[in-house]
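Engineer: Okay, here's the structure, questions in a sec.
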Amino acid sequence: QVLAQIELWTKPGEYAPGVYILPKALDEKVARLHLARIGVKLTELKKEQADYIGVTVDGPYKPEHYRY
């Protein structure tokens, strides 16, 4: 929720009043922060791995139709 508020605050005029789905990148950032907090260690995708599954190394990692 805090990252959503920061997104709205730092991008005035980009969002008309309404309900929005968070950008996947923000949701994945929240997931990384949470996992780090509970002691989970993540590895980063290599370019070959990202190419194989059809994503960029930095994500987002889920297809557009996927809802977190």
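Each step along the sequence shown adds one to the number in the working numbering, with nothing skipped, and position 51 is 31. Ideal Cβ placement from N, Cα and C applies to all residues, glycine included.
1. The alpha helix (DSSP H) that contains VAL118, what's its start and end?
2. Would the beta-carbon of LEU13 fall within 8 Å of that of GLU(-13)?
3. Find out if the Cβ-Cβ distance for the pair LYS9, LEU25 is shorter than 8 Å.
4. Take TYR(-5) and list the residues in its own chain whose beta-carbon comes closer than 7 Å to its own, dropping the five residues that flank it on each side.
5. Could you check the C-alpha separation between GLY49 and VAL(-1) for me, to the nearest Å?
Structural biologist: Taking the geometry as given:
1. As displayed, the chain neither begins before -19 nor continues past 48, which places residue 118 out of reach and without an answer.
2. Not closer than 8 Å, so no.
3. Their beta carbons are not under 8 Å apart, which means LYS9 does not touch LEU25 by this criterion.
4. Excluding positions up to five away in sequence, the list reads LEU(-12).
5. The requested residue 49 is not part of the displayed model; the chain covers only -19 to 48.
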